[in-house]
Amino acid sequence: MATTTSIECGERLSIDTVEKLYAAMERALLDGSDVELRAADIQYCDTAGLQLVLSLRQTLATTDNDIHWHDANDVLFSTAKHLGLVAALNLSSVQ
Numbered sequence: 001m002a003t004t005t006s007i008e009c010g011e012r013l014s015i016d017t018v019e020k021l022y023a024a025m026e027r028a029l030l031d032g033s034d035v036e037l038r039a040a041d042i043q044y045c046d047t048a049g050l051q052l053v054l055s056l057r058q059t060l061a062t063t064d065n066d067i068h069w070h071d072a073n074d075v076l077f078s079t080a081k082h083l084g085l086v087a088a089l090n091l092s093s094v095q
């Protein structure tokens with residue numbers, strides 16, 4: 001059974017938090033596991049934050065792993081929908 005690494009997105013999935021999130025995502029990639037993104041607390045997200053998640057998903061796909069969302073909220077869905085990224089971010093599977 002594949003392992004899952006959990007990453008807390010916090011209140012902001014945005015350009016000002018991508019460095020911190022990148023470090024956590026890099027560790028998850030090194031673990032070789034699926035990634036669960038905990039998104040219940042997101043109050044703001046922007047293109048840079050979602051671009052980082054998209055890049056993570058594309059990289060995980062090369063190792064037959066994927067991202068999974070835990071408690072994805074309306075802020076995340078609304079921003080992803082506006083940018084046309086719902087399917088690309090694997091959000092369509094949770095709404």
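Residue 69 in my numbering is what sits at position 69 of the sequence shown, and the numbering runs on without skipping anything. Positions of the beta carbon are idealized from the N, C-alpha and C atoms, including for glycine.
Subject >> Contacts around Asn-90, its chain only, beta-carbon distance under 8 angstroms, and the 5 residues preceding and following it disregarded >> reply: Numbered from 1 along the sequence shown, position 90 holds the residue referred to as residue 90. For Asn-90, where only same-chain residues beyond five positions count, the Cβ hits under 8 angstroms are Arg-57, Asp-66, Ile-67, His-68 and Trp-69.
Original post:
First and last residue of the beta strand (DSSP E) that includes Thr-79?
Top reply: Locating residue 79 in the sequence shown gives position 79, counting from the first residue. Run containing Thr-79: none in the beta strand (DSSP E); it sits in the alpha helix (DSSP H), 74-82.
Subject >> Supposed contact pair Ile-15 and Ala-61 - C-beta distance, whole angstroms, cut 8 angstroms >> reply: Looking up residue 61 in the sequence shown gives position 61. Looking up residue 15 in the sequence shown gives position 15. With a Cβ gap of about 24 angstroms, Ala-61 and Ile-15 do not count as contacting.
Subject >> Euclidean distance between Cα positions of Glu-11 and Leu-21 >> reply: Position 11 of the sequence shown, counted from the first residue, corresponds to residue 11. Position 21 of the sequence shown, counted from the first residue, corresponds to residue 21. Whole-angstrom Cα-Cα distance: 12 angstroms.
Original post:
Which stretch, first to last residue, makes up the alpha helix (DSSP H) that contains Glu-26?
Top reply: Residue 26 sits at position 26 when you count from the first residue of the sequence shown. Where Glu-26 is concerned, the enclosing alpha helix (DSSP H) stretches over 18-31.
Original post:
According to the neighbour-count rule (16 or more other Cβ atoms, all chains shown, within 10 Å of its Cβ), is Leu-52 buried or exposed?
Top reply: Numbered from its first residue, the sequence shown carries residue 52 at position 52. It is buried - the Cβ of Leu-52 has at least 16 other Cβ atoms within 10 Å.
**OP:** Give me whichever residues DSSP pairs with Leu-37 in a beta bridge.
**Re:** The sequence position of residue 37 within the sequence shown is 37, counting from 1. Paired residues: Ile-7 and Trp-69.
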